[in-house]
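Visitor: So that we are looking at the same thing, I have put the structure below in structure tokens.
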Amino acid sequence: MLVMKIPAVVLFLLLSALGAHAEGDARIALIIGNSTYKSLPKLPNPIEDARLMEKALKAVGFETVTIVDATRQRFIEGMKTLSSKIGPESSVVVFYAGHGIQYENENYLIPIDSELSDAASLPFEAFSLKLVTDQIARLQPKIAIFILDACRNNPLETNRSAGTAGATPNGATRGLARTTGPLGTYVAYATAPGQVATDGRGKNSPFTQALAQVITTPGLPVEQVFKRVRERVVEDTKGAQIPWDNSSLIRDFFFKTALAEEPQFSVEATQDAQAWQVASAADTQNAYATYRDAFPQGLFAEIAEARLKSQKDKEPSTEVATLPLPVDRTVDASSDLLTWNEIAGSSDPDRYRAYLEKHPNGLFAKLARLRLEDLSKDGINAVTSLNAKLSPQFAEFEETPLYPEITDCDRLAGHVQEIADPSVGVYFREIVPEKAIPACLEALKQFPDSLRILVNYARAIDAAGRHDEAREIYRMGAEKGFPIAMRSLGDVYRDGRGVDKNMDEARYWYVLGAAKSNVFAEFNLGLIFLQGLGVPENKEKAVFWFWRAARQGFAPAMQRLANFYITGEVVKKDEQQGRILLQGAAEMGNAPSKLRYGEVLMQGIGGEKDLKGGKQWIESAAWSGYGAAQVKLAGLYRDGIGGKPDAQQALNWLVVAEKGGVATAKAAVPSLAKKLGKAGLQKAGKFADSFVPRP
-16 MLVMKIPAVV
-6 LFLLLSALGA
4 HAEGDARIAL
14 IIGNSTYKSL
24 PKLPNPIEDA
34 RLMEKALKAV
44 GFETVTIVDA
54 TRQRFIEGMK
64 TLSSKIGPES
74 SVVVFYAGHG
84 IQYENENYLI
94 PIDSELSDAA
104 SLPFEAFSLK
114 LVTDQIARLQ
124 PKIAIFILDA
134 CRNNPLETNR
144 SAGTAGATPN
154 GATRGLARTT
164 GPLGTYVAYA
174 TAPGQVATDG
184 RGKNSPFTQA
194 LAQVITTPGL
204 PVEQVFKRVR
214 ERVVEDTKGA
224 QIPWDNSSLI
234 RDFFFKTALA
244 EEPQFSVEAT
254 QDAQAWQVAS
264 AADTQNAYAT
274 YRDAFPQGLF
284 AEIAEARLKS
294 QKDKEPSTEV
304 ATLPLPVDRT
314 VDASSDLLTW
324 NEIAGSSDPD
334 RYRAYLEKHP
344 NGLFAKLARL
354 RLEDLSKDGI
364 NAVTSLNAKL
374 SPQFAEFEET
384 PLYPEITDCD
394 RLAGHVQEIA
404 DPSVGVYFRE
414 IVPEKAIPAC
424 LEALKQFPDS
434 LRILVNYARA
444 IDAAGRHDEA
454 REIYRMGAEK
464 GFPIAMRSLG
474 DVYRDGRGVD
484 KNMDEARYWY
494 VLGAAKSNVF
504 AEFNLGLIFL
514 QGLGVPENKE
524 KAVFWFWRAA
534 RQGFAPAMQR
544 LANFYITGEV
554 VKKDEQQGRI
564 LLQGAAEMGN
574 APSKLRYGEV
584 LMQGIGGEKD
594 LKGGKQWIES
604 AAWSGYGAAQ
614 VKLAGLYRDG
624 IGGKPDAQQA
634 LNWLVVAEKG
644 GVATAKAAVP
654 SLAKKLGKAG
664 LQKAGKFADS
674 FVPRP
């Protein structure tokens, strides 16, 4: 074992440094930059990288412990200071820039007073990354993020023999090893496993420079922060350096949230939220029932009913009076159906109560309870679960939410943005079954215990018209508590795939998915209440669900919520908050958000007016293939707003939008075409024919 190789005094100091466990909810970072090595090649940038990261992390609320040119003793002292500040609600970052070497699949961080002579001395002269990550995990912080710009070169390579390329005679290998952290950690490397990063052309490395720029962008989950860092480094190094990361996080983390605070609801809604906080903290049937009775139409009513039903299923009740009525075996299915058909469109709660009294376990009992939830204030249990035919165990997925890493099945059939990466996955209408089904079958062979892959497969066969089979897989996933499966069932009933469209049934599954913080389920509930789909219109509930999804960095919800802040409808007017939300959503690549953010910049809403920058965002949305942005951009070129007038460009974008089916573009084309003549119209046609949306 690695620990056995470390001298006792070093191990003792490390364990002592990490032994203390302080209470607190602070953001704390340890930053180390090693440049001036005594016995190894010096590095020009790590000290400057450490200072740049210190500035960036302080800007997003971190208390920093910064050490430049850390000796072994100063490294230990830094770890001791860090550990003394870590509590169960702490968010921890460890940033290291300097020499790093892998040896026997272990990564080592090298202090400046190390006297390395060969790879075999690494366990005695350097610090094992695994030991550091494991010991910080032992303190159980909320989040632990390790950032390593430590793959610069191999300081032992000068001793390399004519053996294996990239390795020293004793087994030290160029770059760092592909390793993972304990549960609840995120590990980011400046370059891919086994590869070497560069120091860059300036005073900072490409990786650290990109990270310092991106880390302050509001509304980006940590996974998307490092995705954007990867994009910038690849572009800056022309593909020579590709950053790599590994996540075992089980909760969301933002370096900078897009939301300054919870939206300010009415007094009643505030009381509602406070009552829910009490109920959820108690997590008992009585607590949920008390909340439900006090707020039968509350923001959390659906979740309260779902949890009441879930707890009843798990715990046998001793209260005979609360048990469901026995099934009336004398009443057959035809009577059930006839009774339901008489009341299916009713808005009278008493008729649904009468149905449930006659058919407490009838075919439509669950739907009747949902109707009562909407029509009544009596707090009748509205949510029932559907039993699945299959019940496999997916413990590994629950422990490692991203198990396995991204596959072709995810790219061809996965849900967009449900694996923390908006570039992965497709909308249902874009699935190509001929490609997706074989890819998912292959992935299932490799990962037969992955619920995510199984649900992706269900989406692929659903797109192929095999709706009944797909629905059974979704139901099985929902029974196992998998929120993406619940959201998928909601989509099935919303769209009517193999079943009649049923917004009540769709809302039921979205409620269950939202209870597990599925962003699409939360967003869809927001749309349901905003548009009054199967329920009375309720903008306050809509804002709440948009907010729930926006907190997790879900761009469509951020865009919807931003509009409420800008107009001051439902929530207190805050144009700056709306602008921040739109900026984050636009930078995630959401086309409607790009358009809206561009408009906000050009109008000076929530900040300074920026005509040129606004036009650039609108043009980006147009190149994404967003028809509304294409029409807007055409108007800007026509009128010379944000730049010089350009009638040809205006016509180009109008023809592209017209080709995409945008009615307003079709109406605007003739006047510009008349002005530019046949030649101008031909140019616009060629532009439209060659137009390919940019991801």
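Heads up, the sequence shown is in our numbering, so the first residue is -16 and it goes up one at a time.
Glycine included, every Cβ here is placed at the ideal spot set by N, Cα and C.
Below 8 angstroms, can you find three or more Cβ-Cβ pairs linking the segment 61 to 68 to the segment 19 to 32?
Guide: With the cut-off at 8 angstroms, the segment 61 to 68 and the segment 19 to 32 do not touch.
Visitor: Taking DSSP as the reference, what is the three-state secondary structure of Glu87?
Guide: Glu87 falls in the coil class under three-state DSSP.
Visitor: Is the separation between the beta-carbon of Leu434 and that of Gly473 shorter than 8 angstroms?
Guide: No; because the gap between Cβ atoms is not below 8 angstroms, this pair is not in contact.
Visitor: Given a cut-off of 8 angstroms, decide if Asp228 and Phe190 are closer than it, judged by their beta-carbon atoms.
Guide: No, Cβ-Cβ distance for Phe190 and Asp228 is not below 8 angstroms.
Visitor: Would you kindly work out how many angstroms separate the C-alpha atoms of Val205 and Ala617, rounded to a whole number?
Guide: If you take the alpha carbons of Val205 and Ala617, they lie about 36 angstroms apart.
Visitor: Quick check: the segment 412 to 430 against the segment 452 to 466, are there 3 or more CB pairs under 8 angstroms?
Guide: Short answer: they don't touch.
Visitor: Looking at C-beta atoms only, is the number of pairs between the segment 48 to 59 and the segment 86 to 103 that lie closer than 8 angstroms three or more?
Guide: Contact between the segment 48 to 59 and the segment 86 to 103 is present, because at least three Cβ pairs lie under 8 angstroms.
Visitor: Return the CA-CA distance between Gly222 and Tyr172, expressed in angstroms with no decimal places.
Guide: In a straight line, the C-alpha of Gly222 is about 15 angstroms away from that of Tyr172.
Visitor: With DSSP run on the structure shown, which of helix, strand or coil describes Gly587?
Guide: Three-state result, Gly587: coil.
Visitor: Taking 8 angstroms as the cut-off, decide whether the C-beta atoms of Ala272 and Ala39 are in contact.
Guide: No; because the gap between Cβ atoms is not below 8 angstroms, this pair is not in contact.
Visitor: From Gln268 to Tyr476, what distance separates their C-alpha atoms?
Guide: Roughly 30 angstroms separates the two Cα atoms.
Visitor: Using the Cα positions of Ala53 and Tyr548, report the straight-line distance between them to the nearest angstrom.
Guide: Approximately 47 angstroms, taken between the alpha carbons.
Visitor: According to DSSP, Asp101 sits in a beta bridge with which residue or residues?
Guide: Bridge partners of Asp101: none, in fact.
Visitor: Mind checking which residues open and close the beta strand (DSSP E) that includes Leu13?
Guide: Element bounds for Leu13: 10 to 16.
Visitor: In chain order, what residues of the same chain have a beta carbon less than 8 angstroms from the beta carbon of Lys658, not counting five sequence neighbours either side?
Guide: These residues qualify, in order along the chain: Ala630.
Visitor: Using 8 angstroms as the threshold, is the C-beta distance between Ile467 and Ile444 below it?
Guide: No, they are not a contact pair.
Visitor: Considering only the alpha carbon of each residue, which of Ala289, Gly83, Ala80, Ser97 lies closest to Ser22?
Guide: It is Ser97 whose Cα lies nearest to the Cα of Ser22.
Visitor: The alpha helix (DSSP H) that contains Asp52, what's its start and end?
Guide: No alpha helix (DSSP H) contains Asp52, which DSSP labels as neither H nor E.
Visitor: Based on Cα-Cα distance, which residue from Gly589, Ala646, Pro519, Thr47 lies nearest to Thr550?
Guide: Comparing Cα-Cα distances from Thr550 to each of Gly589, Ala646, Pro519, Thr47, the minimum goes to Gly589.
Visitor: Can you give the beta carbon distance from Pro539 to Gly608, rounded, assuming they're within the 8 angstroms contact cut?
Guide: Actually they are not in contact, since the Cβ atoms of Pro539 and Gly608 sit about 16 angstroms apart, beyond 8 angstroms.
Visitor: Is Leu26 helix, strand or coil when you go by DSSP?
Guide: Note: Leu26 maps to coil in three-state DSSP.
Visitor: Expressed to the nearest angstrom, what Euclidean distance is found between the alpha-carbon atoms of Glu710 and Leu508?
Guide: What is shown of the chain runs -16 to 678, which leaves residue 710 out entirely.
Visitor: Rounded to whole angstroms, what's the CA-CA distance from Trp600 to Ala568? Just pull it up for me.
Guide: So the two alpha carbons sit approximately 12 angstroms from each other.
Visitor: DSSP three-state label for Thr116, please.
Guide: Of the three classes helix, strand and coil, the one that applies to Thr116 here is helix, per DSSP.
Visitor: For Asp683, which residues of its own chain have a beta-carbon under 8 angstroms away from its beta-carbon, when the five flanking residues on both sides are left out?
Guide: Residue 683 lies beyond the range of the chain shown here (-16 to 678); nothing can be said about it.
Visitor: Which whole-angstrom value is the C-beta distance of Ala684 and Ala574, which I expect to be below 8 angstroms?
Guide: This structure leaves residue 684 out entirely; the chain is present only between -16 and 678.
Visitor: What does the alpha-carbon distance come out to for the pair Pro201 and Leu437?
Guide: C-alpha separation (whole angstroms): 34 angstroms.
Visitor: Just how far apart, CA to CA, sit Phe238 and Leu203?
Guide: About 8 angstroms.
Visitor: Helix, strand or coil for Tyr457, going by three-state DSSP, please let me know.
Guide: Here Tyr457 sits in helix by DSSP.
Visitor: Where in the segment 195 to 283 do unbroken runs of the beta strand (DSSP E), each at least 3 residues long, occur, reported from the N-terminal end onward?
Guide: Runs of the beta strand (DSSP E) inside the segment 195 to 283: 227 to 230.
Visitor: In the DSSP assignment, what residue or residues form a beta bridge with Asp132?
Guide: DSSP output for Asp132 lists Ala80 as bridge partner(s).
Visitor: The alpha helix (DSSP H) that contains Thr550, what's its start and end?
Guide: That run of the alpha helix (DSSP H) goes 538 to 550.
Visitor: Just checking my contact of Arg621 with Ala633 at CB under 8 angstroms: how many whole Å lie between their CB atoms?
Guide: Confirmed, Cβ separation roughly 4 angstroms.
Visitor: What is the C-beta distance between Ala604 and Lys577, in whole angstroms, given that I count them as a contact (C-beta under 8 angstroms)?
Guide: Right, the Cβ-Cβ distance comes to about 4 angstroms (below 8 angstroms), so this counts as a contact.
Visitor: Threshold first: 4 residues or longer. Then list the alpha helix (DSSP H) segments lying entirely within the segment 559 to 611, N to C.
Guide: Listed in chain order, they are 574 to 586, 594 to 606.
Visitor: CB-CB under 6 angstroms to Ile119, same chain, minus the five flanking residues each way: which ones, in chain order?
Guide: The residues are Ala127.
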